[in-house]
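Notes follow the structure.
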Amino acid sequence: MDLDKIRNEFPALTQKVNGHDLIYFDNAATTLKPISVIESISDYYKTVNSNVHRAGHYLSSQATNAYESARKTVRDFIGAHSHEEIIFTKGTTESMNLIATILDNSILKDSDSIILTTMEHHSNIVPWLSLKEKKNLDIKIVDINSKGELDLNEFESLFSNKTKVLSIAHSSNVLGTINPIKKIIEIAKKHGVITIIDGAQGIVHDKVNVEELDCDFYCFSGHKIYGPMGIGVLYGRKELLDSLGVYQTGGGMIKNVSFESVEYNVVPYKYEAGTPNVAGAIGLEAAITYMKNIGFDKIVEYENELLDYANKKINEIEGIEIYGTSIKKDPIISFNIKGIHHSDIAMILDKFGIAVRNGSHCTQPLMKKLGIKGNIRISFVFYNTKKEIDVFIEKLIFAINMLK
Amino acid sequence: MTIEEIEKDIIEEFDLFDDWMDKYAYLIDLGKNVNPDGLDIQKPEFLVNGCNSNVWIISRIKDNKLYFVTDSDALIPKGIAALIVRLYSGQTAKDILEHDPVFVEKIGLEQHLSPNRASGLASMLNKIKSFAKIHN
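From first to last, the protein sequence lines stand for chains A and B.
The opening position of the first sequence corresponds to residue 15 in this note's numbering, with each subsequent residue numbered one higher.
The opening position of the second sequence corresponds to residue 749 in this note's numbering, with each subsequent residue numbered one higher.
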């Protein structure tokens, strides 16, 4: 992997912040984009931009081809069986809301039970909470151990004949823990439960094959995987989607409409109402292609190197407390320094051009479990370097001395 | 002293510093003295919270003047909160309402007052203004 060449392909990396070279360690929030992704979007708007699936003219058919080609690229990227199982959404949050809504309408009955975990992001908690009131849902929680791993000792005891759904993060955006989702899905399927995987973080650092995982739903966001904002993916098993009701309605998702009745379109279009984010889908395709060209395995190997390097250095700091110490982790480190508020440290790091995230990371139940209000999170991807980690450590120590 | 005079003093004090490190060090120092009587104000009823850090403020009126005591769980917001209190504590409601604080921008710390910074300072200012409005 030619690191210099790669870094040169990310225009945002050339920025200076407060007079310092940008060190971007907030990748779990969103990633910077390679020029190929940026250009794919502007090229689209310069050329074939047109509404898709609706017109017969040249531009429209070109745009439709590009949009559907992107769908197929995503299908291949996650090992899905058919393009019909790939729904484009705005992102993981919309995907989760979509699933919750259609399951609510078609499957969930009063006093049914669903299983979540302590480490979930709000986008995989709040949609279910909205249903909790309505349908008196019993939400069961898989807890975490002191390493930030799921405690699966009593896992099977959470299932009953009222359990309909299990919804769980592929990996944690705070702890970095990679959950043993294949095993968990297997157990859930034994109990006839619908399985949903929040892959917002998982898709970035782990090779995903939805057929192997055998999950019913898998969702992720384009902007966390070097694609643009405003595009995401919901993979859904075809037979299941065929049996479920619609989400947003309007144009594009219907076959026939009169004032008396409506016949809905087939999947995936049934779930893509309105004009889609065609440029977004094209940008996402360009991002996937970019990663493929470098080599996903090479990327993951390098990111693990960065994680090991950062772990070694950060553990030498006095007063450090790290949240999430599982052996196998995504390249994410969340931490606090004893006696110092995380926002003070983040503010000083920012002065040195170092972008980190501090706060509760949209995981308030997890923060409560950890006994904290928030922490600082650094997250790496393949355009980060060991030198950046060195600078970060140096400035972190400076900040600690300033705030002690 | 009038609010304007105090504000002028604050801006002048910060002008003495060349770089942000010295400014922040001074701010952190100011924050240390923010609650000299050690009042127990880190309570929910006094909370003006942000997502990132919390600010607490208690307000009292005595002889037509408004008094404030503040605290924060983070040092940098605590320093800025201390400056806001220095500006407005002991002033009349009318004077507080008519004043628009420019010092934060003038000393180069305006990002701490932006609402999305979620440090609670913007909300703190709103709370002071609301309190002043009630007692105007």
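Heads up, the beta-carbon is just placed ideally off N, CA and C, and yes, glycines get one too.
Are residue i and residue j close, meaning C-beta to C-beta below 9 Å?
i, j, result
"alanine 830 of chain B", "valine 796 of chain B", "no"
"proline 242 of chain A", "histidine 97 of chain A", "no"
"serine 186 of chain A", "threonine 45 of chain A", "no"
"isoleucine 129 of chain A", "valine 207 of chain A", "yes"
"isoleucine 411 of chain A", "phenylalanine 349 of chain A", "no"
"cysteine 229 of chain A", "isoleucine 217 of chain A", "no"
"valine 156 of chain A", "threonine 191 of chain A", "no"
"isoleucine 296 of chain A", "serine 54 of chain A", "yes"
"phenylalanine 310 of chain A", "threonine 106 of chain A", "no"
"phenylalanine 366 of chain A", "isoleucine 37 of chain A", "yes"
"isoleucine 20 of chain A", "isoleucine 302 of chain A", "no"
"threonine 437 of chain A", "glycine 266 of chain A", "In the structure as shown, chain A begins at 15 and stops at 418. Residue 437 of chain A is therefore absent and cannot be evaluated."
"leucine 778 of chain B", "leucine 857 of chain B", "no"
"valine 852 of chain B", "histidine 860 of chain B", "yes"
"serine 807 of chain B", "glycine 868 of chain B", "no"
"isoleucine 824 of chain B", "aspartate 358 of chain A", "yes"
"serine 374 of chain A", "glycine 388 of chain A", "yes"
"alanine 84 of chain A", "valine 62 of chain A", "no"
"leucine 320 of chain A", "threonine 399 of chain A", "yes"
"lysine 178 of chain A", "isoleucine 121 of chain A", "yes"
"threonine 750 of chain B", "aspartate 843 of chain B", "yes"
Hey, could you find the ends of the alpha helix (DSSP H) residue i is sitting in?
i, result
"threonine 303 of chain A", "292-308"
"aspartate 364 of chain A", "356-365"
"serine 878 of chain B", "869-882"
"tyrosine 836 of chain B", "823-836"
"phenylalanine 406 of chain A", "400-417"
"alanine 841 of chain B", "841-846"
"leucine 180 of chain A", "Per DSSP, leucine 180 of chain A belongs to no alpha helix (DSSP H); it is in the beta strand (DSSP E), 177-183."
"glycine 779 of chain B", "768-780"
"lysine 204 of chain A", "195-204"
"valine 852 of chain B", "851-854"
"leucine 380 of chain A", "378-384"
Looking at chain A, is there any beta carbon in it that lies within less than 9 Å of the beta carbon of residue i?
i, result
"tyrosine 774 of chain B", "no"
"methionine 872 of chain B", "no"
"methionine 749 of chain B", "no"
Answer with yes or no whether the minimum CB distance from residue i to chain B is below 9 Å.
i, result
"isoleucine 368 of chain A", "no"
"serine 96 of chain A", "no"
"glycine 333 of chain A", "no"
"lysine 60 of chain A", "no"
"histidine 356 of chain A", "yes"
"glycine 244 of chain A", "no"
"isoleucine 362 of chain A", "yes"
"lysine 365 of chain A", "yes"
"asparagine 372 of chain A", "yes"
"asparagine 32 of chain A", "yes"
The beta strand (DSSP E) spanning residue i covers which residue range?
i, result
"valine 276 of chain A", "276-278"
"glutamate 760 of chain B", "First-last for glutamate 760 of chain B: 751-763, but that is the alpha helix (DSSP H), not the beta strand (DSSP E)."
"phenylalanine 816 of chain B", "813-820"
"phenylalanine 349 of chain A", "346-351"
"valine 803 of chain B", "802-810"
"aspartate 212 of chain A", "208-212"
"glutamate 335 of chain A", "334-337"
"isoleucine 390 of chain A", "389-393"
"glycine 373 of chain A", "371-373"
Which bits of chain D does residue i rub up against, with CB to CB less than 8 Å?
i, result
"leucine 417 of chain A", "Protein chains A and B are contained in the structure displayed, whereas chain D is not."
Looking at residue i and the ligand MN, is the gap between the Cβ and the nearest heavy atom below 8 Å?
i, result
"lysine 326 of chain A", "For the structure depicted, the ligand MN is absent and the ligand set is empty, with no information on it obtainable."
Going along the segment 809-826 of chain B in order, which residues come within less than 8 Å of chain A, judged by CB to CB distance? So the list reads Asp821, Ala822, Leu823, Ile824, Pro825, given in the order they occur along the chain.
Which ranges would you report for the beta strand (DSSP E) in the segment 44-122 of chain A if only whole runs of at least 3 residues count? Segments of the beta strand (DSSP E) lying fully in the segment 44-122 of chain A: 100-103.
Interface residues of the segment 171-189 of chain A facing chain B [CB-CB below 8 Å]: Listed by position along the chain: nothing, the set is empty.
Unbroken stretches of the beta strand (DSSP E), 3 residues or longer, contained in the segment 119-161 of chain A: Given a length threshold of 3 residues, each whole run of the beta strand (DSSP E) inside the segment 119-161 of chain A is given here in chain order: 127-131, 152-156.
Scan the segment 379-399 of chain A for residues whose Cβ lies nearer than 9 Å to a Cβ of chain B and list them as they occur along the chain. Per Cβ criterion, the list reads Lys387, Gly388.
Whole alpha helix (DSSP H) runs in the segment 232-267 of chain A with 4 or more residues, listed along the chain? Uninterrupted alpha helix (DSSP H) stretches at least 4 residues long and entirely within the segment 232-267 of chain A occur at 252-257, given in chain order.
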